[in-house]
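Undergrad: Here's a structure for you.
Protein chains: 2
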Amino acid sequence: MSPRAGLDLNVIIMQAAELADSEGLESVTLASLAKKLGVRSPSLYNHVEGLPALRSHLAVYGLQLLNEALSHAAGDAIGYEAVVRIASAYTGFARAHPGLYELTLRAPSLDNKEHERLADKLVNMFLNILSPYGLSEEEGIHAVRGLRSLLHGFASIEGHGGFGIPIDIDKSVAFVLHRFLAGLEKKKGS
Amino acid sequence: MSPRAGLDLNVIIMQAAELADSEGLESVTLASLAKKLGVRSPSLYNHVEGLPALRSHLAVYGLQLLNEALSHAAGDAIGYEAVVRIASAYTGFARAHPGLYELTLRAPSLDNKEHERLADKLVNMFLNILSPYGLSEEEGIHAVRGLRSLLHGFASIEGHGGFGIPIDIDKSVAFVLHRFLAGLEKKKGS
DNA sequence: CACTATAAACTAATGACATTAGTTTTGCAA
DNA sequence: TTGCAAAACTAATGTCATTAGTTTATAGTG
């Protein structure tokens, strides 16, 4: 309605995140975002350096939210219980924030620093909750990669509608985690 | 050089696939493809119904290649050995065909029939190689979903440069599969 | 062998988008 | 109050997909 819409990088990112999650990642354009904000698209360049930069900021924001959700879900737990809780939080996040989630995986051209820091934080959280399994350092990395891959795989395939059969996906996650973690334990006796 | 370039849906798909794998999925535009084919972009509409349709055709083509690669890798094997071989073929395919691979997961608006058929074929292949583990029908579904998710997760994260630490990714896959399959076996005694 | 219908290519035009340049306007701070 | 920096704007360019309408090659028919 007036000049001086009072924009701000944070406002822009929040609205863009909303767009990403409700309309899909590909619908986040400077044009659509500007319309949502009641502004002409060139005005956005006063706050963000272009579409790639916006996506990079969104990726970092998504990673922050994901980190918070997982930390909160894990609480002080470690081991099996923590893995189950984190898995639930992970798939829940991907369902609640499909656009944002998809972006967290993309290699970010900008904001490398913060993105890397958050990714590392995630890895360390996983390492921590797997510590009761008594894995070697290298095995720990393998296991964390496996856990991340498993959770991302489920989230990604579900997000793309890739599971046709009407069997509860959460049950599949629970089943697979149970067996994988059992396999991690089994090592002790072999 | 001349009218009548002798285009053809197959030629178009092959060149598009090449573009997707060498330049990235987002670089597959009708404009870039037309240039590669020595033709003006509207000419492509004589053979394909637009960019979304082209991507849908590419997805089906990618799934075909993936199916072939996995079938070939598995041969007649089942059980552990087959899983290891298929895993290697899967990650190898994703590395050799990053653009095509990414597309195989996308929900296809067109060509639903063929895409579904190929996706089902993949699921059945996985079910077959897991048959020695003596899982119930529902457990089999869970396990297949887990295996797909694991492989897709690794392929997808690797494809996006998400594994920072310089530890061999194939080793991680091998480790995780070993433990997961061990977990599947363990059931018999619990 | 000529001829014609069709399919394949073309040019021209439109509309969405990102981005840049250059201009106006507003609000805060001196 | 005034003036300046930031925030918004308009105008313009270039890329893309897509549609409409035109030309042309070629394959098949007489």
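Residue numbers (the UniProt record's numbering), protein chains in the order written: chain A, 1 to 190; chain B, 1 to 190.
Glycine residues also receive a C-beta, built at the ideal position from the N, C-alpha and C atoms.
Predicted, not measured: the structure shown is a model, and the values here were computed from it.
(1) CA-CA distance, H47 of chain B and G153 of chain A?
(2) Of all the residues that make up the segment 141-166 of chain B, which are near chain A by a beta-carbon distance shorter than 8 Å?
(3) Using 8 Å for Cβ pairs, my map puts A155 of chain A next to Y80 of chain A. What's the rounded Cβ distance?
(4) Less than 7 Å separating the beta-carbons of G62 of chain A and L103 of chain A?
(5) Using a Cβ-Cβ distance under 7 Å, would R106 of chain A count as near chain B?
(6) F175 of chain B touches chain A at which residues, Cβ-Cβ below 8 Å?
(7) Should I165 of chain B and E158 of chain B be called a contact, given that it needs their Cβ atoms to be closer than 7 Å?
(8) Tell me which residues of the segment 109-126 of chain B have at least one Cβ-Cβ distance to chain A shorter than 9 Å, keeping chain order.
(9) Near V176 of chain A, which residues of its chain fall below 7 Å by C-beta distance, leaving aside the five closest residues on each side in sequence?
(10) What do you reckon, are the CB atoms on L110 of chain A and S22 of chain A nearer than 7 Å?
(11) Whose C-alpha, out of A:S172, A:V60, A:P132, A:R85, is nearest the C-alpha of R117 of chain A?
(12) From the beta carbon of G6 of chain A, is the nearest beta carbon of chain B less than 7 Å away?
(13) Can you grab the Cα-Cα spacing for the pair A17 of chain A / Y133 of chain B, in whole Å?
(14) Should the segment 124-143 of chain B be called in touch with the segment 122-133 of chain A, which here means at least 3 C-beta pairs below 8 Å?
(15) For A82 of chain A, count neighbouring Cβ atoms within 10 angstroms of its own Cβ and tell me buried if that reaches 16, exposed if not.
(16) Name the chain A residues whose beta carbon is nearer than 7 Å to that of L184 of chain B?
(17) Taking the alpha-carbon of S172 of chain A as reference, which of B:L25, B:G146, B:A20 has the nearest alpha-carbon?
(18) At 4 residues or longer, and completely inside the segment 62-125 of chain A: list those alpha helix (DSSP H) runs for me, N to C.
(19) For S136 of chain A, return the contacting residues in chain B, with the cut-off set at a CB-CB distance below 9 Å.
(20) Rounded to whole angstroms, what is the Cα-Cα separation between K36 of chain B and R179 of chain B?
(21) Is S172 of chain A close to chain B, meaning its C-beta is less than 7 Å from at least one C-beta of that chain?
(22) Tell me where the alpha helix (DSSP H) around L151 of chain A begins and ends.
(23) For A34 of chain A, which residues in the same chain have their Cβ closer than 8 Å to its Cβ, ignoring the five residues on either side in sequence?
(24) Short check: CB of A89 of chain B to CB of A69 of chain B, under 7 Å?
(25) With C-beta atoms as the reference, is A73 of chain B less than 7 Å away from R85 of chain B?
TA: This is what the structure gives:
(1) Translated into the one-based positions of the second sequence, residue 47 of chain B becomes position 47. Translated into the one-based positions of the first sequence, residue 153 of chain A becomes position 153. Their backbone Cα atoms lie some 35 Å apart in a straight line.
(2) I141, H142, A143, R145, G146, R148, S149, L150, L151, H152, G153, F154, S156, I157, H160, G161, G162, F163, G164, I165
(3) Here residue 155 of chain A refers to the residue found at position 155 when the first sequence is read from its first residue. Here residue 80 of chain A refers to the residue found at position 80 when the first sequence is read from its first residue. Actually they do not touch by this definition, with Cβ atoms about 20 Å apart.
(4) Against the first sequence, residue 62 of chain A aligns to sequence position 62. Against the first sequence, residue 103 of chain A aligns to sequence position 103. Yes; because the gap between Cβ atoms is below 7 Å, this pair is in contact.
(5) Taking the first sequence and counting its residues from 1, one reaches residue 106 of chain A at position 106. Yes, its Cβ sits closer than 7 Å to a Cβ of chain B.
(6) For the purposes of this step, residue 175 of chain B is identified with residue 175 of the second sequence, where counting begins at 1. Those within 8 Å of F175 of chain B in chain A are E139, H142, A143, G146.
(7) Taking the first residue of the second sequence as 1, we reach residue 165 of chain B at position 165. Taking the first residue of the second sequence as 1, we reach residue 158 of chain B at position 158. No. Outside cutoff.
(8) E116, A119, D120, V123
(9) Counting from one through the first sequence, the residue named residue 176 of chain A turns up at place 176. Once the five neighbours on either side are set aside, the close Cβ partners of V176 of chain A are L150.
(10) Mapped onto the first sequence, residue 110 of chain A falls at position 110. Mapped onto the first sequence, residue 22 of chain A falls at position 22. No. Outside cutoff.
(11) Taking the first residue of the first sequence as position 1, residue 117 of chain A is located at position 117. The candidate whose alpha carbon is nearest that of R117 of chain A is A:V60.
(12) By one-based count along the first sequence, residue 6 of chain A stands at place 6. Closer than 7 Å: no.
(13) For this step, residue 17 of chain A is matched to residue 17 along the first sequence. For this step, residue 133 of chain B is matched to residue 133 along the second sequence. Straight-line Cα distance between these residues: approximately 44 Å.
(14) no
(15) Here residue 82 of chain A refers to the residue found at position 82 when the first sequence is read from its first residue. Under this definition A82 of chain A is a buried residue.
(16) To locate residue 184 of chain B, count along the second sequence from 1; it is residue 184. Near L184 of chain B (Cβ distances below 7 Å), the residues of chain A are R179.
(17) By 1-based counting over the first sequence, the position of residue 172 of chain A is 172. Closest option to S172 of chain A, Cα to Cα, is B:G146.
(18) 79-96, 98-105
(19) Here residue 136 of chain A corresponds to residue number 136 of the first sequence, with the count starting at 1. Result: empty, since nearest Cβ-Cβ is about 11 Å, beyond 9 Å.
(20) In the second sequence, the residue the question calls residue 36 of chain B occupies position 36. In the second sequence, the residue the question calls residue 179 of chain B occupies position 179. Roughly 46 Å between the two C-alpha positions.
(21) Along the first sequence, one-based indexing puts residue 172 of chain A at 172. Yes, S172 of chain A counts as interfacial toward chain B.
(22) Along the first sequence, read from residue 1 onward, the residue named residue 151 of chain A stands at position 151. Unbroken alpha helix (DSSP H) run through L151 of chain A: 137-159.
(23) The residue labelled residue 34 of chain A in the question sits at position 34 within the first sequence. Excluding sequence neighbours, A34 of chain A sits near R40, S41, S43, L44.
(24) On the second sequence, residue 89 of chain B is found 89 positions in, with the first residue counted as 1. On the second sequence, residue 69 of chain B is found 69 positions in, with the first residue counted as 1. Against a cut-off of 7 Å, the Cβ pair of A69 of chain B and A89 of chain B comes out as a contact.
(25) Locating residue 73 of chain B in the second sequence gives position 73, where the first residue counts as 1. Locating residue 85 of chain B in the second sequence gives position 85, where the first residue counts as 1. Yes, the Cβ-Cβ distance between A73 of chain B and R85 of chain B is below 7 Å.
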